[in-house]
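Each remark here refers to the structure printed beneath this line.
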Amino acid sequence: MGDPASNETLLILQNEFVDLIRLQVYPVIIETLLFGLHMTLAMYLLWRRWTQRNSISLKTYVPLVAFAMTAMLSARWAIDAYYLLASALNSYSRVVVLLDPDLTNPELQYGRGVDIARNALTCGILLLGDCVVLWRAYALFGRPKWLLVLSISVQLGVASVYLWFSFGTISLFALVVAVVPDSLATSLIAYRTWSHWKDIREFSEHSGTRQSVAIMLVVIESGFLYLILTVCLVICIMLDGAASIWARYMLNPLFAMYPVVVVLLVATRRDFLERSVNTTSPTSLPWAVEISFRERNDGDLRSCGGPAAGRHRSSLSCSVTTQNMITHAKDDLKDPSIPPSSGRDGSLIPSP
924 MGDPASNETL LILQNEFVDL IRLQVYPVII ETLLFGLHMT LAMYLLWRRW TQRNSISLKT
984 YVPLVAFAMT AMLSARWAID AYYLLASALN SYSRVVVLLD PDLTNPELQY GRGVDIARNA
1044 LTCGILLLGD CVVLWRAYAL FGRPKWLLVL SISVQLGVAS VYLWFSFGTI SLFALVVAVV
1104 PDSLATSLIA YRTWSHWKDI REFSEHSGTR QSVAIMLVVI ESGFLYLILT VCLVICIMLD
1164 GAASIWARYM LNPLFAMYPV VVVLLVATRR DFLERSVNTT SPTSLPWAVE ISFRERNDGD
1224 LRSCGGPAAG RHRSSLSCSV TTQNMITHAK DDLKDPSIPP SSGRDGSLIP SP
C-alpha cells in the first residue's frame, strides 16, 4: 500500500497544525482565563452593590459600565472561539484533500459581517475604557466644565475614527488616535498627582498604607497602566505577525477588565488617589471642621468630627485649633455661672 502523502505534503500539514496551536489555540485559552477573571470581578461588583447598597454609594451607570464591558467582551470571546472552530475544521478539510484528492470536503466560510463585528467590539471596548479614564481625570480635577467639553469632543472624534475603521483594516492613523484619550487623561492626572504627591505620601503614612501599595494604587487609578496597555497594542499591531495576533487575544480582556477594576476601587472606597487629594481641600481646614460632642461614660470629650473628618476618620486627626476650641468648650461647661444640664450618666454633657 503506497503512501499518498509526500514529504512536502506532510511538512505543510505539520506547519499548519503548529500554527493553528501556536497562533489560535493558546491565545484563545489565555483569553478564556482572562475572560473568566473579568466575569468574576463583574459579578463581585454587582454582588457588592446588591448586598451593601445601603453603605456603598454606587451610581446607576456603575453596573451599566460593568454590564456593557461584560457583554462586549462575551461577544468578542464568542467570535474568537468561532474563529478557532472554523480554522480547525478548515485545516481538517485541507488534510482530507491532501491525503485523497478525490474527496471533496468544503471549507467553512464566514461572511464579512463577522470581521466587522469583531472590529466593532474591539473599538467599543477601547472607547468605553477611554471614557472611564477620562472620567477619573474629570473627577480628580473637581469636575470643571472645560474638561467635560474637551473629553466629550475627544471621545466623539475617536468614536468617528473607530466607526470608520471598523468596516476596514486598522491603519496606523487609527492606532495613533487610540492613544490620544489615554494620553490626555494620564497627563492631567499625572499633573494632579505630582502637585499633591507630598500630601499623598503623608496620607499613606497616616492611613497605614504602605508606600509601595500607594504607588500601585496611583498607577492603577491614574490610567498610566491603561496607557501602557494601549501603547503595547499599537506596537504589536505595527510589528504584525505573531505579536499582533497574541496582542489582540490577550489585551482585549485586559482593556475590558480595567474599568471594572477602577469602578471597584471607587465603589469599595479604596479610592486612594481621590481621597488623598481631597484631604487638602478647604473642607479639611481647621475652621471648616464642625465641632460635635459625644457622650462617654467617663464624661471625657475626646472626639471631634465633621464632613471631612467623617470621610477620613482613619487618616485625619483633630487639629490644634480644634483641640483648643474643645478645651475652651470644656472650661465654659465647668463655669459655675452656667447652669449644668445632666445627662444619662450624671455628667454635664446632655445626652444626644
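Numbering of the sequence shown is given in the numbering used here, commencing with residue 924 and proceeding in unit increments.
Beta carbons: idealized from backbone N, C-alpha and C, even for Gly.
Cβ shell of Val-1018 (< 7 Å), same chain only, five flanking positions each side left out: Leu-936
Apply the 10 Å Cβ neighbour rule to Asp-1114 and answer buried if 16 or more other Cβ atoms are within range, or exposed otherwise. According to the sequence as given, residue 1114 is Tyr; it is not Asp. When all chains shown are included, Tyr-1114 counts as exposed.
For the alpha helix (DSSP H) that contains Ile-1151, what are its first and last residues? 1147-1162
Taking Thr-993 as the reference, which of Ala-965, Ala-1060, Arg-1171 and Trp-1058 has the closest Cα? Ala-965
Using the beta-carbon count (16 or more within 10 Å), is Arg-1059 buried or exposed? buried
Return yes when the Cβ of Arg-972 is within less than 8 Å of the Cβ of Thr-1045, no when it is not. no
Can you check which of these residues, Asn-930, Leu-946 and Leu-987, is closest to Asp-1163 by C-alpha distance? Leu-946
So what's Asn-1247 in DSSP terms, helix, strand or just coil? Summary for Asn-1247: the model assigns pLDDT 45, below 50, so the residue's position carries little reliability; its value from the coordinates is reported in the next sentence. Note: Asn-1247 maps to helix in three-state DSSP.
Please specify which runs of the alpha helix (DSSP H), each continuous and at least 4 residues long, are wholly inside the region 936-1006, giving them in chain order. 949-974
Going by beta carbon distance, what residues of the same chain come within less than 7 Å of Leu-943, once the five residues before and after it are set aside? Ser-1010, Ala-1011 and Ser-1014
For Asp-1105, name the three-state secondary structure that DSSP assigns. helix
Whole-Å CB distance - Val-1157 paired with Val-985, under 8 Å assumed: Not a contact, Cβ separation roughly 29 Å.
Residue from Val-1055, Ser-1074, Leu-1063 and Glu-954 whose Cα sits closest to the Cα of Ile-1002: Glu-954
Take Ala-1097 and list the residues in its own chain whose beta-carbon comes closer than 6 Å to its own, dropping the five residues that flank it on each side. Val-1084 and Phe-1088
If you measure between the beta carbons of Ala-991 and Leu-1051, is that distance less than 8 Å? yes
Can you tell me where the alpha helix (DSSP H) with Asp-1053 in it begins and where it stops? 1035-1063
Between Val-1100 and Val-1081, how many whole angstroms is the CB-CB distance? I'm expecting something under 8 Å. 6 Å
If we call anything under 8 Å between Cβ atoms a contact, is Ile-1048 one with Met-995? yes
Are the CB atoms of Leu-1007 and Val-951 within a distance shorter than 8 Å? yes
Measure the beta-carbon distance from Leu-1150 to Thr-1109 and round it to whole angstroms, keeping in mind my assumption that it falls under 8 Å. 5 Å
Count the other CB atoms within 10 Å of the CB of Ile-948; is the residue buried (16 or more) or exposed (fewer)? In the sequence under discussion, the amino acid at residue 948 is Val, which differs from the Ile named in the question. Val-948 is exposed by the Cβ-count criterion.
Should Leu-1111 and Phe-1147 be called a contact, given that it needs their Cβ atoms to be closer than 8 Å? no
Return the CA-CA distance between Val-1055 and Ile-1168, expressed in angstroms with no decimal places. 26 Å
Assigned secondary structure, Arg-1066 (DSSP; H/G/I helix, E/B strand, else coil): coil
Within 10 angstroms of its Cβ, does Pro-1182 collect 16 or more other Cβ (buried), or is it exposed? buried
Suppose the cutoff is 7 Å on Cβ atoms and the five residues either side in sequence are ignored; what does the same chain contact list for Ala-1004 look like? Val-951
Go ahead and pull the three-state DSSP assignment for Pro-1182. helix
Going by beta carbon distance, what residues of the same chain come within less than 7 Å of Val-894, once the five residues before and after it are set aside? Any property of residue 894 remains undetermined from this structure, which presents the chain solely from 924 to 1275.
What whole-angstrom Cβ distance do Leu-1174 and Pro-1104 have, given they're in contact under 8 Å? Not a contact, Cβ separation roughly 16 Å.
Within the same chain, show all residues whose beta-carbon is closer than 8 Å to that of Ala-1165, passing over the 5 residues directly before and after it, in chain order. Arg-945 and Leu-946
Is Pro-1176 helix, strand or coil when you go by DSSP? helix
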